[in-house]
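Asks: Quick one: structure below, then a few questions.
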Amino acid sequence: MKKIIQILLILILLLILSLIIISIFNPLGYRDKIIGSIINNYLANNIKGYAPASQINSGAPNNEPAADKHPFLNESQEKMLENFGVDVSQLPTEITPGMENCAVEKFGKERIEEIIGGATPSALELFKAKDCIGK
Numbered sequence: 002m003k004k005i006i007q008i009l010l011i012l013i014l015l016l017i018l019s020l021i022i023i024s025i026f027n028p029l030g031y032r033d034k035i036i037g038s039i040i041n042n043y044l045a046n047n048i049k050g051y052a053p054a055s056q057i058n059s060g061a062p063n064n065e066p067a068a069d070k071h072p073f074l075n076e077s078q079e080k081m082l083e084n085f086g087v088d089v090s091q092l093p094t095e096i097t098p099g100m101e102n103c104a105v106e107k108f109g110k111e112r113i114e115e116i117i118g119g120a121t122p123s124a125l126e127l128f129k130a131k132d133c134i135g136k
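Everything in the sequence shown is counted per the numbering used here, starting at 2 for the first residue and increasing by one.
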């Protein structure tokens, strides 16, 4: 019994250590993949008809010229979301007062103004902002 508990503790510690390494060093882009997966699952559950970009794009190269896919996002913001696998063309195109209040609560008025001005939010900010989408 003691040996089983030791093995379980070692496995738990290894899991915690690997999560810390992934969150700090982002080996092979795992942190981005994990965050992208979390965001896409949340969006799929809260936006009717939403499908992640990885399910829409069949892997064929896109020869279309770059177009503005979302009216509220600049190119760098769109690119960052696309790197997480989010299809920006399916995101809501209007901001409700509930969404705005939620974002101000989570980030503060100054940071929201920076993002509206074109600053690219971090992965952690995207993770926090996912709760504001459905409001």
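Using N, Cα and C, we set each Cβ at its ideal position, and we do this for glycine too.
Values in this document were obtained by computation on a predicted structure and should not be read as measured data.
Under the rule that 16 or more other beta-carbon atoms within 10 Å means buried, what is Ala52, buried or exposed?
Replies: In the sequence shown, residue 52 corresponds to position 51, counting from 1. So Ala52 counts as exposed.
Asks: Considering only residues of the segment 13 to 93, which uninterrupted alpha helix (DSSP H) runs meet the minimum length of 4 residues and lie entirely inside it, listed in chain order?
Replies: Whole alpha helix (DSSP H) segments, 4+ residues: 31 to 47, 54 to 57, 76 to 84.
Asks: Between the Cα of Val87 and the Cα atoms of Glu114, Phe128, Pro28, Lys3, which residue gives the shortest distance?
Replies: Looking up residue 87 in the sequence shown gives position 86. That would be Phe128, whose Cα lies nearest to the Cα of Val87.
Asks: Is any beta-carbon of chain B found at less than 9 angstroms from that of Ile13?
Replies: Chain labels in this structure do not include chain B; a single protein chain is all it has.
Asks: Quick one: give me the first and last residue of the alpha helix (DSSP H) that Met100 is part of.
Replies: Residue numbering aside, residue 100 sits at position 99 when the sequence shown is read from its first letter. Note, Met100: alpha helix (DSSP H), 98 to 108.
Asks: Are there 16 or more other CB atoms within 10 angstroms of the CB of Phe85, so buried, or fewer, so exposed?
Replies: Taking the sequence shown and counting its residues from 1, the one referred to as residue 85 is at position 84. Under this definition Phe85 is a buried residue.
Asks: Let me check understanding here. Comparing Cα to Cα, which of Ser19, Pro93, Ile113 lies closest to Lys136?
Replies: Stepping through the sequence shown from its first residue, residue 136 is reached at position 135. Closest option to Lys136, Cα to Cα, is Pro93.
Asks: Could you round the C-beta distance between Glu79 and His71 to whole angstroms and report it? I think they count as a contact, below 8 angstroms.
Replies: Your numbering for residue 79 matches position 78 in the sequence shown. Your numbering for residue 71 matches position 70 in the sequence shown. About 6 angstroms separates the two Cβ atoms, so the contact holds.
Asks: Would you mind working out which of Asn75, Ser90, Gly99, Pro98 sits nearest Pro122, comparing C-alpha positions?
Replies: Locating residue 122 in the sequence shown gives position 121, counting from the first residue. Checking every option, the nearest Cα to that of Pro122 belongs to Asn75.
Asks: Leaving out the 5 sequence neighbours to the left and right, which residues in its chain are closer than 7 angstroms to Cys103 when beta-carbon positions are compared?
Replies: For the purposes of this step, residue 103 is identified with residue 102 of the sequence shown, where counting begins at 1. These residues qualify, in order along the chain: Asp132, Cys133, Lys136.
Asks: Cα separation between Glu114 and Ile35?
Replies: Taking the first residue of the sequence shown as position 1, residue 114 is located at position 113. Taking the first residue of the sequence shown as position 1, residue 35 is located at position 34. The straight-line gap from Cα to Cα measures roughly 27 angstroms.
Asks: Take Val89 as the anchor and find which of Gly30, Ile22, Glu101, Ile48 has the nearest alpha-carbon.
Replies: Against the sequence shown, residue 89 aligns to sequence position 88. Nearest option by C-alpha distance: Ile48.
Asks: Residues in its own chain within less than 6 angstroms of Gly37 by CB, not counting five upstream and five downstream?
Replies: To locate residue 37, count along the sequence shown from 1; it is residue 36. Here the set comprises Phe85, Gly86.
Asks: State the DSSP-derived secondary structure class of Glu95, mapped to helix, strand or coil.
Replies: Here residue 95 refers to the residue found at position 94 of the sequence shown. Of the three classes helix, strand and coil, the one that applies to Glu95 here is coil, per DSSP.
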